[in-house]
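All residue numbers in the sequence shown are consecutive under my numbering, ending with 399.
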Amino acid sequence: MVSPLALLALLALLALSWGAGTGTVVVQAPAQVSGLLNGSLLLPCHLQPLEPNAQVTQVTWMRQDSEGGLHKVAVRHPTRGPSLAEPERIRFASADLLDASLRVSELRAEDQANYSCQFATFPMGSGIAWTWLRVLAKPWNTAEAQEVPLRPSTGEPVPVARCSSKGGRPPAKVTWSPFLNGSANSTVEPGPLPGTYTVNSVFTLVPSGQADGRNVTCRVEHESQEEPAVLLVTLAVPYPPEVTISGYDDNWYVGQDEVTLNCEARSNPEPTDYAWNTTTGPLPSFAVAQGTQLLISTNQAINMTFICRVTNALGTSQKEQTILVKDPEGSRLSPGAIIGIVVATIAFVILIVAGILYFKLHRGCDGHRDRPRPSENGDVTYSQVQRDDPLDGPAKSTR
């Protein structure tokens, strides 16, 4: 007689032999599938064809929670049919026993998990495959310029643009370009639906005329989007006036038609006042201010520095311009200068003449001193003296 313990061991060995079967049970399922929140998706799972005498005895879907526990989602038996945890949202996509794919609708954030699809067969045993289900939510992206308070700049950055990616899952990635010497700060907070996120990014910079009116781009990247969302923002940055003066070409001269200096200012908000004066005080009579223009009469030579001051709600800025109105007959000499030149010329001529006379007189005196002076005894006649040659002996007497 066989003991109960031996019978139990025999049954266990028999079960193992049935489970091993004569082949391998191969279950095919993707490693990951993704669906949009509140949408639907297909969880594919297929069993490769079995050997002729094998058959499916049961299909089981399980969901693994964050702590590793398993929860039954769906079961299908060849004769008893399907058993579903949430029949209003989850169902088998096909009646084919080799196709255990699930159709899941009205996706929730908590549906994101690891799912196992297991086929039990006889006599080949069981096979299993795992799929990671991701639940995505497409964000709603917006960007806009920020209103900057009208107050004098302290040199500190202020918010000038804001970009929001609302209700995404997972959180979107937000970047800005160009930076324009600015910076961005992003925060993540819960979105409008459970399991979603809202990313707010604020772009800040120090107010300046270089930033006002410039375009910056907010770029939102999210895996639910085929391409990044690109949102353009035109900045409105208040700043005090930046002043320039034009019109002077360094070629103004006396008698020229009336000339004009133009005061030009860039600012936000617009200038409220233009004022002209000089570095020495109020405008002279030959200069008349007409708003942004200064009309200058050129009936006299001028060498003066003019100042244009421009004011808006944030402050006052100024620019200086030195002008020189030249005499077109600049080579013409004044009467005093002409008299000086004449006197100098006459003195030079007198000096030359005096030099010539002195030279001549000096030469005359030297020529008179070289002439032979007459003898006191009257004219003296000299005769040639004949000298005897020593070789000829003593000279002969002529007596």
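C-beta: ideal position from N, C-alpha, C; glycine also.
Excluding the 5 residues preceding and the 5 following residue i in the sequence, name in chain order all residues of the same chain whose CB lies nearer than 7 Å to its CB.
i	result
Ala113	Arg63, Gln64, Asp65, Leu133
Ala187	It should be noted that the sequence gives Thr, not Ala, for residue 187. Result list for Thr187: Asn200, in chain order.
Pro228	Arg219, Val220, Glu221
Thr280	none
Tyr274	Cys263, Gly291, Thr292, Cys308, Val310
Gln146	Pro159, Val160, Ala161, Arg162
Arg214	Leu180, Leu235
Leu50	Thr121, Met124
Cys45	Val27, Ala29, Ala100, Ser101, Cys117, Ala129
Ser453	Any answer about residue 453 is impossible in this case: the structure gives the chain only from 1 up to 399.
Leu43	Val33, Ser101, Leu102, Val104, Tyr115, Thr131, Leu133
Pro52	none
With DSSP as the reference, label residue i as helix, strand or coil.
i	result
Gly35	strand
Glu110	helix
Val158	strand
Tyr358	helix
Ala453	Nothing can be reported for residue 453: it is not among the residues displayed for the chain, which extend from 1 to 399.
Val349	helix
Ala95	coil
Ala404	Given a span of 1 to 399 for the chain in the structure shown, any question on residue 404 remains unanswerable.
Thr22	With a pLDDT of only 43 at Thr22, under the threshold of 50, the placement of this residue in the model should not be trusted; the figure read from the coordinates follows. DSSP places Thr22 in coil when its eight states are reduced to three.
Taking the alpha-carbon of residue i as reference, which of the options has the nearest alpha-carbon?
i	options	result
Asn185	Gly168, Gly167, Pro159	Pro159
Leu98	Ser83, Glu88, Pro78	Pro78
Leu180	Ser224, Ala347, Val237	Val237
Asn141	Thr322, Ile302, Thr175, Phe359	Thr175
Gly195	Val75, Leu351, Leu107	Leu107
Thr278	Met304, Pro82, Arg169, Ser165	Met304
Trp252	Thr322, Lys72, Leu136	Thr322
Ala143	Ser153, Val135, Lys166, Thr154	Lys166
Gly315	Arg266, Gln225, Ile350, Thr24	Arg266
Gly191	Gln210, Gly209, Pro207, Pro171	Pro171
Glu402	Ser285, Pro139, Arg80	Nothing can be reported for residue 402, as the shown portion of the chain is limited to 1 through 399.
Ala168	Tyr197, Pro149, Pro152, Val148	The sequence shown places Gly at residue 168, not Ala. Cα-wise, what sits closest to Gly168 is Tyr197.
Trp276	Glu270, Leu261, Pro269, Asn268	Leu261
Ile245	Arg89, Leu294, Glu270	Leu294
Gly209	Lys173, Leu231, Glu270	Glu270
Arg164	Gly125, Arg89, Glu189, Glu51	A small correction: the amino acid at residue 164 is Ser; Arg does not occupy that position in the sequence shown. Ser164 has its Cα closest to that of Glu189, out of Gly125, Arg89, Glu189, Glu51.
Gly155	Phe359, Leu351, Leu43, Tyr239	Tyr239
Gln55	Asp96, Leu193, Val233, Glu86	Asp96
Asn401	Ala137, Pro52, Cys45	Outside the displayed range of the chain (1 to 399) lies residue 401, so it cannot be described from this structure.
Ala211	Asn268, Gly81, Gly247, Asp249	Asn268
Glu258	Ala289, Leu231, Val25	Ala289
Ser224	Asp250, Gln256, Lys173, Pro241	Lys173
Arg80	Gln58, Arg91, Thr345, Ile90	Gln58
Glu86	Ala354, Val233, Lys72	Lys72
Using a Cβ-Cβ cutoff of less than 8 Å, which residues in the same chain neighbour residue i once the five nearest sequence positions on both sides are dropped?
i	result
Gln318	Val243, Ile307, Cys308, Arg309, Val310
Ile128	Val27, Ser116, Cys117, Gln118, Phe119
Ser183	Pro157, Phe203, Thr204, Leu205
Leu70	Met62, Arg63, Gln64, Ser116
Pro282	none
Thr272	Thr311, Asn312, Ala313
Ser40	Arg103, Val104, Ser105, Glu106, Leu107
Arg151	Leu314
Spatial neighbours of residue i within its chain, please: CB distance less than 6 Å, with the 5 preceding and 5 following residues excluded, ordered by chain position.
i	result
Ser177	Thr217
Ile302	Val325
Glu320	Thr305, Ile307
Val75	Thr60, Ser83
Asp327	Val254, Ala301
Ser153	Pro207
Ala109	Val135, Pro194, Gly195
Gly247	Thr260, Leu261, Asn262
Phe286	Ser297
Arg91	Arg103
Arg89	Ser105, Glu106
| field | Every unbroken beta strand (DSSP E) within the region 267 to 319, with a cutoff of 3 residues, ordered by chain | value | Scanning the region 267 to 319 from its first residue to its last, the whole beta strand (DSSP E) runs of 3-plus residues come out as 273 to 278, 287 to 290, 293 to 296, 302 to 312.
| said: For a minimum of 3 consecutive residues, which ranges assigned as the beta strand (DSSP E) are wholly contained in the region 124 to 207? | reply: DSSP assignment within the region 124 to 207 yields the following whole beta strand (DSSP E) runs of 3 residues or more, N-terminal first: 125 to 136, 140 to 145, 158 to 168, 173 to 177, 183 to 190, 197 to 205.
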